[in-house]
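Visitor:
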RNA sequence: GGCGCCAUCGUCUAGUGGUUAGGACAGCGGGUUUUCAUCCCGCAAGCCGGAGUUCAAUUCUCCGUGGCGCUACCA
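In the numbering used here, the protein residues as written are 22 to 510.
1) Would you please state the rounded distance, in angstroms, between the beta carbons of residue 231 and residue 50? I believe it to be under 8 Å.
2) From the DSSP output, in three-state form, read off residue 214 for me.
3) In whole angstroms, give me the CA-to-CA distance for residue 140 and residue 156.
4) Going along the chain, which residues of its own chain have a beta-carbon closer than 6 Å to the beta-carbon of residue 171, five neighbours each way excluded?
5) Between the Cα of residue 198 and the Cα atoms of 212, 244, 213, which residue gives the shortest distance?
6) Within 10 angstroms of its Cβ, does residue 64 collect 16 or more other Cβ (buried), or is it exposed?
7) May I have the straight-line CA-CA distance separating residue 421 from residue 337, to the nearest angstrom?
8) Buried or exposed, going by whether 16 or more other CB atoms sit within 10 Å of the CB of residue 42?
9) Let me know the alpha helix (DSSP H) ranges lying completely inside the region 112 to 160, each 4 residues or longer, listed in chain order.
10) Give every residue of the same chain whose Cβ lies closer than 6 Å to the Cβ of residue 367, excluding the five residues on either side of it in the sequence, and list them in chain order.
11) Quick one: what does DSSP say residue 444 is sitting in, helix, strand or coil?
12) Where does residue 281 land, buried or exposed, given buried means 16+ other C-beta within 10 angstroms?
13) Just reading off the alpha helix (DSSP H) that residue 465 is part of, what are its end residues?
14) Could you pull out every residue in the same chain whose Cβ sits closer than 7 Å to the Cβ of residue 319, ignoring the five residues on either side in sequence?
15) Hey, how far is the Cα of residue 509 from the Cα of residue 84?
16) Once DSSP output is grouped into helix, strand and coil, what is the label at residue 203?
17) Measure from the alpha carbon of residue 285 to the alpha carbon of each residue in 441, 432, 79, then state which is nearest.
18) With H, G and I counted as helix, E and B as strand and the rest as coil, what does DSSP make of residue 197?
19) Let me know if residue 478 comes out buried or exposed under the rule of 16 or more other beta-carbons within 10 Å of its beta-carbon.
20) Would you check if the region 183 to 193 and the region 247 to 267 touch, i.e. whether three or more CB-CB distances between them fall below 8 Å?
21) Quick one: what's residue 71 bridged to in DSSP?
22) So, helix, strand or coil for residue 417, using DSSP?
23) Rounded to the nearest angstrom, how far is the Cβ of residue 449 from that of residue 458, given a contact under 8 Å?
24) Between the alpha carbons of residue 343 and residue 314, how many angstroms are there, rounded?
25) Which complete beta strand (DSSP E) runs does the region 36 to 91 hold, if anything under 3 residues is left out?
26) What separation, rounded to the nearest whole angstrom, lies between the Cα atoms of residue 72 and residue 36?
27) Under a Cβ-count criterion, where at least 16 other Cβ atoms within 10 Å of its own Cβ denotes burial, should residue 481 be classed as buried or exposed?
28) How far does the beta strand (DSSP E) with residue 353 in it extend, from its first residue to its last?
29) DSSP has residue 189 in a bridge; who is on the other side?
30) Hey, how far is the Cα of residue 47 from the Cα of residue 196?
31) Return the bridge partner residues of residue 408 from the DSSP annotation.
32) Just verifying my parser: in three-state terms, what is the DSSP assignment at residue 254?
33) Which two residues bound the contiguous beta strand (DSSP E) that contains residue 370?
34) Verify whether the separation of the beta carbon atoms of residue 353 and residue 387 is less than 8 Å.
35) Based on the DSSP output, what are the partners of residue 176 in its beta bridges?
36) Report back the beta-carbon spacing between residue 414 and residue 474 to the nearest angstrom; my notes put them in contact at under 8 Å.
Here it is, written out as structure tokens:
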């Protein structure tokens, strides 16, 4: 039977990085096995805080950005199959079937009673869970409640004894004692299903063969296993993946840095880098001593055996390193295009850049590309190309723009550059610098540092000759004259 | 509290009943270089603890400890 896996996000907000990692694992498994990757929207929680329709577009954008677009999903498929809110009758039918077979029962307990019960259980230090009161209701009492129109939920009638065991492809055999499994609510009093019912019905209807999801789902798996048995469905294979956590081993949160996938996109991480790094969170290729892999290479290597058991700490530094590596491997033309939005938001170029502006960017970008780790750093690295330095960095001003020597070097540079062509090629810039050094009987180094500080306002930046070239003769001379006036003796 | 899972350098991890326990990020040092960065070379850094099995345990078993997850009419 061919593999069918699914990614089942809830539209509760911008997708979390760990959630996307799970999507990637599903996609990879499907591709590796020649199977089908499906996405389904789990939108059964309709509370205002948890139902954010606008996040659906973000989910779609994230998957598309990474190139892990589902083969079947609500975008290209029948919404009655891939969106849970369209499938209420299916869940109702399943619930009816379960009630009929005695595997589920209506529960008329109020939220207040449930809350009270839980508080009381906690106070007494006993395991919390539904006390199964309504499970013991007589047929008569049930009828009475229903006739009276008392709102009710439908609960799973978990066997009172025995054990439920399932095999996890990552963690091995896992066993739970039935008497410790709560009588889970399957159908809310609104008639909407809870996750547990919906996921089982849908996975069955979609012919899902492997459930690949986060480890946090493990404790609820026995409930679903029971459901499969009671409904007479064929059980999928269970594959739980380790969680992605922060440096303190706790759930990744704002304290650690970005957590939403869209933030990484906005900051300027490349899809290839994100894909590569995320895959390595909880999966390893095996013996190969490398971590840079193309998508194709990962697809070829991805197996369940490679999934690790322990949670992975999200290492922002390593992601940055990897992203820098992918940036350096990006052709300059493409990189320039990728950087464009950051130049625009810095106000360096307009919303609709002219071809002259694009050409200029294409000259600037390669000068800083090897220092770039994340795209959004580009504007800060290159601002002096777009306007004269507002001020000179303190350290550089003291060291390189102070005293007679500095004065002499700048003047000599101005004189030398004046003899060059308007284009001021890189070679000419270098020659002029050398000439200036000779003229003031200085080493080349100090001249270079002085000029860099004078022209860019900073002590750190791209190669000086390339910088002068991009700036152009007129501009450079103007800046040098300004700096000359600023030199303190 | 209960239930479940996990445990190799700071981090991601490879690996093994006998290994100098390997790689990568980060750190540190050096080289190249006009600064930064890139690149290259090197250093430092790890098998949670205790029993047991065994000629031999980081590896297998048990216990402990620690961490995490779940414990909703959320997913």
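For glycine and all other residues, C-beta sits at the position ideal for the given N, C-alpha and C.
Quantities reported herein were computed from a predicted structural model and do not represent experimental measurements.
Guide: Quick answer:
1) Indexing the first chain from 1 puts residue 231 at position 210. Indexing the first chain from 1 puts residue 50 at position 29. About 7 Å; that satisfies the 8 Å criterion.
2) The sequence position of residue 214 within the first chain is 193, counting from 1. In the structure shown, residue 214 sits in a strand (DSSP, three-state: E or B).
3) Taking the first chain and counting its residues from 1, one reaches residue 140 at position 119. Taking the first chain and counting its residues from 1, one reaches residue 156 at position 135. Whole-angstrom Cα-Cα distance: 21 Å.
4) Looking up residue 171 in the first chain gives position 150. Answer for residue 171: 129, listed in chain order.
5) Residue numbering aside, residue 198 sits at position 177 when the first chain is read from its first letter. For the residues 212, 244, 213, the minimum Cα distance to residue 198 belongs to 244.
6) By 1-based counting over the first chain, the position of residue 64 is 43. Residue 64 is buried by the Cβ-count criterion.
7) As a position in the first chain, residue 421 is number 400, starting the count at 1. As a position in the first chain, residue 337 is number 316, starting the count at 1. Spanning the two alpha carbons is a distance of roughly 36 Å.
8) The residue given as residue 42 occupies position 21 in the first chain. That one is buried.
9) 132 to 145
10) As a position in the first chain, residue 367 is number 346, starting the count at 1. Contacts found: 400.
11) Here residue 444 is taken as the residue at index 423 of the first chain, counted from 1. Looking at residue 444 - three-state DSSP - the assignment turns out to be coil, as it is neither helix nor strand.
12) Locating residue 281 in the first chain gives position 260, where the first residue counts as 1. Result: buried.
13) Residue mapping note: residue 465 aligns to position 444 of the first chain, counting from 1. Residues 465 to 477.
14) The residue given as residue 319 occupies position 298 in the first chain. Excluding residues within five positions, the ones whose Cβ falls inside 7 Å are 49, 300.
15) Within the first chain, numbered from 1, the residue matching residue 509 stands at position 488. Within the first chain, numbered from 1, the residue matching residue 84 stands at position 63. Approximately 57 Å, taken between the alpha carbons.
16) Taking the first chain and counting its residues from 1, the one referred to as residue 203 is at position 182. Looking at residue 203 - three-state DSSP - the assignment turns out to be coil, as it is neither helix nor strand.
17) In the first chain, counting from the first residue as 1, residue 285 sits at position 264. Among 441, 432, 79, the Cα nearest to that of residue 285 belongs to 79.
18) Stepping through the first chain from its first residue, residue 197 is reached at position 176. DSSP places residue 197 in strand when its eight states are reduced to three.
19) Locating residue 478 in the first chain gives position 457, counting from the first residue. Answer is buried; the Cβ neighbour count reaches 16.
20) yes
21) Your numbering for residue 71 matches position 50 in the first chain. Paired residues: none, contrary to the question.
22) Here residue 417 corresponds to residue number 396 of the first chain, with the count starting at 1. Helix at residue 417.
23) As a first step, residue 449 is located in the first chain; it is residue number 428 there, counting from the start. As a first step, residue 458 is located in the first chain; it is residue number 437 there, counting from the start. With a Cβ gap of about 15 Å, residue 449 and residue 458 do not count as contacting.
24) The residue you call residue 343 lines up with position 322 of the first chain. The residue you call residue 314 lines up with position 293 of the first chain. Answer to the nearest angstrom: the Cα atoms are 11 Å apart.
25) 57 to 60
26) Counting from 1 along the first chain, the entry for residue 72 is found at position 51. Counting from 1 along the first chain, the entry for residue 36 is found at position 15. Between residue 72 and residue 36, the C-alpha separation is close to 13 Å.
27) By 1-based counting over the first chain, the position of residue 481 is 460. The residue is exposed, with fewer than 16 neighbouring Cβ atoms inside 10 Å.
28) Locating residue 353 in the first chain gives position 332, counting from the first residue. No beta strand (DSSP E) holds residue 353; the alpha helix (DSSP H) holding it covers 353 to 366.
29) By one-based count along the first chain, residue 189 stands at place 168. According to DSSP, which records beta bridges pairwise, residue 189 is partnered with 193, 259.
30) Your numbering for residue 47 matches position 26 in the first chain. Your numbering for residue 196 matches position 175 in the first chain. The alpha-carbon atoms of residue 47 and residue 196 are separated by roughly 25 Å.
31) As a position in the first chain, residue 408 is number 387, starting the count at 1. Answer is none; residue 408 lacks a bridge partner.
32) What you label residue 254 is simply residue 233 of the first chain in a count that begins at 1. If DSSP states are grouped into helix, strand and coil, residue 254 belongs with coil.
33) The sequence position of residue 370 within the first chain is 349, counting from 1. First-last for residue 370: undefined, no H or E at that position.
34) Taking the first residue of the first chain as position 1, residue 353 is located at position 332. Taking the first residue of the first chain as position 1, residue 387 is located at position 366. Closer than 8 Å, so yes.
35) Numbered from its first residue, the first chain carries residue 176 at position 155. Note: residue 176 sits in a beta bridge opposite 126, 206.
36) One-based indexing of the first chain puts residue 414 at position 393. One-based indexing of the first chain puts residue 474 at position 453. 7 Å between Cβ atoms; contact.
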